[in-house]
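Protein chains in written order, with the numbering used here: chain A, 66 to 727; chain B, 1257 to 1396.
Report on the following structure.
Encoded structure:
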């Protein structure tokens, strides 16, 4: 039987851990050229030379003194699960910062393999890293990798396997100076009284962590009889000053190590720095960001339109064939008015979804999105949030669920709560079909600009809501924002296509499950009771719609829109699917003429409906993840009620203003 | 080095004027300050958002000129990013033109090249040509 080897992939944020993980396991986890893409550990396996490697991709962490939720995930895994080998991925162009985590992993006595990633870039700028010297000084294995091209991956696998066959390493000791060492020794003596504990964790490492005031390590003593003694000893001094001193000593260690292993030929100004001068310029940064956003939506709409036409023609033909060949009236109606009309209304927008996600992938992988967070920091700080919050918010353009989970990268709980509450205002991909249908129908060639305007409105509402929440709910100052800007890279076509496919696949999967179920339910309610006109006010859905119509009547929405919005809470795509089914268009592009012919629709109503769809209660998935991440029903219901109230008010304002202007 | 900067300075000034002028005309037509037929309704169509994008690109070139006038090497960063933006938006409008053509074929409607030949596209092509010529010259 093959021997199992448990491997953890760790490292600082944005050094290419997930790229290494994907290259090692053949997985297709999302990759981004910005920090915080991985917020939960991901697992995969790989068979290599008769061994089965069980590989875990951990969120990025700068040190083992974890501060944010994602860093805790990484640290707990290394400490508690005790992987056979830890692969630390390092950015070869920034060894000094990356080696800080290395020093802590060495102190823990982990079986360490260093993957010096992006080594091509380091070599390109003239850095010479002496691998044998690094290995001999640290007692680890080190491999140069260029993960996005698969460089060094085989050697890394070999190194992981051979590492398990060698003797277990001894913890590496960093000298912290006389005063600190005395305290470490004293703590080690106390810890030595609990042999069960020191069997699991190196005593020196625990002593160091306790001296740094690490609460997680302190909690491990809760069931031990030495807890009182440790607490008593630690209460005798202020450990904050030692924490700083110990960090300094680690940097001294790195400072002594680096010149021996790396000759650096630093550039005066790198091409990345040159580009940053412009795109993060005080005056030009935001206009350039908005221009690129506008371009992205213009392209999404314009390039998607001919493909929409082709899909529409196919479903038009399919609807016609069904109507002509099925004798049973109810079955023909179920297939034609219900499933084909509803599903087609949603599938029609698949090309746009793919184009949008491809464009987002290009911007993310190039490293530009990290700059977007940077240029928004000043505005965000004024509004009560830090620039780092803008990263999960930008991820919300794809889907709110992973975006809300990505708030785990925020250290401050108040910052995190506010970001979670406002992220659903960022327009997710599921809302795009509603915009494309309505903007395309009522605004023709200006559709791209209208859609861009909606995305900007989403950002503005999110930022203004953050200000409101900071003033009244989570009072205080946002945390200062320190972010390392990753170097620009040429976006990999494969990674961008992979990202596009993953996001598009989720959309297609929803069409085959939730949406088809939703439109069938709408059809049943529109068809019954028997004998009434399909989708009329006398049908079940008509009755339901008229019941809730008064709530949205001030906005100018009729009962059909009310019903579509109610069903849209399950998944936003169902808004369009429901309209398709309710209008019984039988598929194709005919929903647009049907809307144009309906006197209850107008450009102003269409704008109001788009604004309402953008802002009202997020889908079930997003609501559930807010509950999970906040751990509170209160915040979940608050977000749902607040967003719906904001949607109602802004939709009303939009309709009133648009009626005057258009 | 000095000669290169003066070339880039002149190029940046010229491109700044071209982009800002084209952008302002499009914005002016978009908001109704200028008549749609001013200069050319096809080559400079009314387009508010697209016009503003051209103004932003033009501003990048103007800042490049300003930096060059201070003898700062940073001017070249603005010029190259400006060219990059010209190429990005030129490509975008090219793809939009292809999409227009496909739409017209599918709908069996009339399509004219001039209607899709927007300022961002022809200025983008011009930028690409000038950049290629300039790069070839400097490589020699």
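From the three backbone atoms N, C-alpha and C, an ideal C-beta is built for every residue, glycine too.
query	result
Can you grab the Cα-Cα spacing for the pair residue 1269 (chain B) / residue 348 (chain A), in whole Å?	19 Å
Going by C-alpha distance, which of A:559, A:599, A:215 is nearest residue 395 (chain A)?	A:599
Of the residues A:536, A:699, A:668, which one's Cα is nearest the Cα of residue 723 (chain A)?	A:668
Would residue 1318 (chain B) and residue 1272 (chain B) be called neighbours here (beta carbons separated by less than 8 Å)?	yes
Are residue 1295 (chain B) and residue 1313 (chain B) touching if we call contact CB-CB under 8 Å?	no
Under 8 Å, Cβ to Cβ, is there at least one residue of chain A near residue 1319 (chain B)?	yes
By the criterion of Cβ-Cβ separation under 7 Å, what are the contact partners of residue 1334 (chain B) in chain A?	343
With a Cβ-Cβ cutoff of 8 Å, do residue 489 (chain A) and residue 454 (chain A) count as a contact?	no
Taking the beta carbon of residue 1258 (chain B) as the centre, do at least 16 other beta carbons fall within 10 Å, making it buried, or is it exposed?	In this prediction, residue 1258 (chain B) scores a pLDDT of 47, lower than 50, which makes its location untrustworthy; no coordinate-derived value is stated.
Counting only beta-carbon atoms, is residue 1364 (chain B) nearer than 8 Å to chain A?	no
Would you call the stretch 386-394 of chain A and the stretch 439-448 of chain A touching, i.e. three or more CB-CB distances under 8 Å?	no
Quick one: is residue 652 (chain A) buried, meaning 16 or more other Cβ sit within 10 Å of its Cβ, or exposed?	With a pLDDT of only 49 at residue 652 (chain A), under the threshold of 50, the placement of this residue in the model should not be trusted, and no figure is reported.
Anything in the stretch 1379-1390 of chain B with a Cβ closer than 7 Å to a Cβ of chain A? List those residues in chain order, please.	none
Out of A:630, A:350, A:680, A:441, which has the shortest C-alpha to C-alpha gap to residue 719 (chain A)?	A:680
Sort B:1365, B:1361, B:1375, B:1326 by Cα distance to residue 1349 (chain B) and report the nearest one.	B:1375
Who are the neighbours of residue 1287 (chain B) on chain A, taking C-beta pairs under 8 Å?	Here the premise fails: no neighbours, minimum Cβ distance about 12 Å.
Kindly say whether residue 1322 (chain B), judged by its beta-carbon, lies nearer than 8 Å to any beta-carbon of chain A.	no
Looking at the C-beta of residue 1305 (chain B), does it have a partner C-beta in chain A at a distance below 8 Å?	yes
Are residue 407 (chain A) and residue 646 (chain A) close, meaning C-beta to C-beta below 8 Å?	yes
Would you check if the stretch 350-360 of chain A and the stretch 372-383 of chain A touch, i.e. whether three or more CB-CB distances between them fall below 8 Å?	no
Near residue 571 (chain A), which residues of its chain fall below 8 Å by C-beta distance, leaving aside the five closest residues on each side in sequence?	464
Look at the alpha carbon of residue 281 (chain A) and the alpha carbon of residue 122 (chain A), and state the distance between them as a whole number of angstroms.	21 Å
Can you pull the chain B residues whose beta carbon is under 9 Å from the beta carbon of residue 359 (chain A), in chain order?	1305, 1306, 1308, 1309
Run down chain B in chain order and give the residues with a C-beta less than 8 Å from the C-beta of residue 353 (chain A).	1312, 1316, 1341
Expressed to the nearest angstrom, what Euclidean distance is found between the alpha-carbon atoms of residue 1379 (chain B) and residue 1302 (chain B)?	16 Å
Hey, how far is the Cα of residue 592 (chain A) from the Cα of residue 582 (chain A)?	15 Å
Could you confirm whether any beta carbon from chain B is found closer than 8 Å to the beta carbon of residue 729 (chain A)?	Given that chain A is displayed from residue 66 to residue 727, the structure contains no residue 729 (chain A) and the question cannot be resolved.
Using the rule of at least 16 other Cβ atoms within 10 Å of the residue's Cβ for burial, across every protein chain shown, is residue 250 (chain A) buried or exposed?	exposed
Quick check on residue 1342 (chain B): does DSSP put it in helix, strand or coil?	helix
Please determine, among B:1266, B:1320, B:1265, the residue with the shortest C-alpha to C-alpha distance to residue 339 (chain A).	B:1320
Please decide whether residue 367 (chain A) counts as near chain B, where near means a Cβ-Cβ distance under 8 Å.	yes
Closest to residue 1353 (chain B) by CA distance: which of A:368, A:178, A:236 is it?	A:368
Using a Cβ-Cβ cut-off of 7 Å (strictly less than) and excluding sequence neighbours within five positions of residue 1327 (chain B), which residues of its own chain qualify?	none
Which first and last residues belong to the alpha helix (DSSP H) in which residue 265 (chain A) is found?	260-265
Look at the Cβ atom of residue 379 (chain A), then the Cβ atom of residue 417 (chain A), and state whether they are nearer than 8 Å.	no
Please confirm whether residue 1350 (chain B) has its beta-carbon closer than 8 Å to some beta-carbon of chain A.	no
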